[in-house]
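A.B. asks: In my numbering, the protein residues as written are 81 to 278. Below is one structure. I have some questions about it.
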């Protein structure tokens with residue numbers, strides 16, 4: 081049985097539906113920062129459809145999911161429970177593009193990734209990024225059609241797709257006395273990385 085919820089009822093669903101509560105209580109400490117898992121999960125969307133029998137919920141319409149340093153923005157996000165009903169097995173974000181951001185360690189810059197489909201496998205702590213993928217890490221940027229990133233081990237793999245190539249740019253270390261670039265005025269920023277607009 082599924083239930084479609086309009087925006088005015090989203091808060092009630094997020095607080096009381098068992099599926100959403102499992103995101104905090106039953107999931108092991110799998111977020112990159114230890115403090116992330118202790119933070120509340122916030123989900124904003126225009127609509128939500130919960131299928132309790134099959135154990136998944138679909139959020140649609142400018143969706144934003146956040147928990148601590150973790151931020152996922154997409155046109156649609158599907159949250160699915162594990163087969164045993166305990167914990168969340170996956171979070172699938174679809175957009176043009178969908179965005180993912182999370183800080184891997186306390187004193188390290190956040191990971192920024194965007195792709196038309198992002199699948200977060202919670203038990204394995206992996207990101208599957210497909211279709212027009214861009215990943216920005218502290219030391220490098222990566223572009224291609226398909227990547228897998230292990231958040232725990234910080235290992236990035238590019239899967240071969242016929243007719244496509246992987247592009248990698250290694251960023252030089254910042255010079256100790258290098259002059260900082262002048263920030264771009266807000267009025268001139270055309271495409272913020274995480275603006276939630278699709």
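Built from N, CA and C at the ideal position, the CB exists for glycine as well.
Suppose only complete runs of 3+ residues qualify. What are the beta strand (DSSP E) ranges in the stretch 157-183, listed by chain order?
C.D. replies: Every beta strand (DSSP E) of 3 residues or more that sits fully in the stretch 157-183 is shown, in chain order, as 168-182.
A.B. asks: Rounded to the nearest angstrom, how far is the Cβ of residue 215 from that of residue 200, given a contact under 8 Å?
C.D. replies: Residue 200 and residue 215 do not touch by the CB rule: their CB atoms are close to 14 Å apart, not below 8 Å.
A.B. asks: For residue 249 and residue 178, I'd like the C-alpha separation in whole angstroms.
C.D. replies: 22 Å
A.B. asks: Regarding residue 160 and the ligand MN, is the C-beta to nearest heavy atom distance less than 8 Å?
C.D. replies: Among the components of this structure there are no ligands whatsoever, and the ligand MN is therefore not found.
A.B. asks: So within the stretch 184-231, which uninterrupted beta strand (DSSP E) runs reach at least 3 residues, ignoring any that extend past its ends?
C.D. replies: 191-201, 206-216 and 220-230
A.B. asks: So residue 123 and residue 139 are in contact, right, with Cβ under 8 Å, and what is the actual spacing, rounded?
C.D. replies: With a Cβ gap of about 6 Å, residue 123 and residue 139 count as contacting.
A.B. asks: Going by CA-CA distance only, name the one from 187, 191, 219 and 135 that's closest to residue 206.
C.D. replies: 191
A.B. asks: Return the CA-CA distance between residue 231 and residue 133, expressed in angstroms with no decimal places.
C.D. replies: 31 Å
A.B. asks: Using the C-alpha atoms, what's the distance from residue 210 back to residue 175?
C.D. replies: 11 Å
A.B. asks: Which value, in whole angstroms, describes the spacing of the CA atoms of residue 46 and residue 253?
C.D. replies: Since the first residue shown for the chain is 81 and the last is 278, residue 46 is missing from the structure and cannot be characterised.
A.B. asks: Quick test of your reading: residue 187 and residue 224, contact by CB under 8 Å. State the CB separation rounded to the nearest angstrom.
C.D. replies: That belief does not hold up - the Cβ atoms of residue 187 and residue 224 are roughly 29 Å apart, past 8 Å.
A.B. asks: If distances are taken between C-alpha atoms only, which option among 227, 220, 203 and 120 comes closest to residue 149?
C.D. replies: For the residues 227, 220, 203 and 120, the minimum Cα distance to residue 149 belongs to 120.
A.B. asks: Around the Cβ of residue 233, are there at least 16 other Cβ atoms within 10 angstroms (buried) or fewer (exposed)?
C.D. replies: exposed
A.B. asks: Taking only three categories from DSSP, how would you classify residue 145?
C.D. replies: strand
A.B. asks: With H, G and I counted as helix, E and B as strand and the rest as coil, what does DSSP make of residue 251?
C.D. replies: Three-state DSSP puts residue 251 in coil, outside helix and strand.
A.B. asks: For residue 212, which option in 169, 141, 238 and 144 has the closest C-alpha, if you only look at C-alpha atoms?
C.D. replies: 238
A.B. asks: Pop quiz: residue 143 and residue 170 are said to be a contact at Cβ under 8 Å. What is the actual Cβ separation, rounded to whole angstroms?
C.D. replies: 15 Å between Cβ atoms; not a contact.
A.B. asks: In chain order, what residues of the same chain lie with their CB nearer than 6 Å to the CB of residue 101, ignoring the 5 residues before and after it?
C.D. replies: Residue placement at residue 101 is flagged as unreliable, the pLDDT there being 37, under the threshold of 50; the coordinate-derived value follows with that caveat. Cβ within range, chain order: n/a, list empty.
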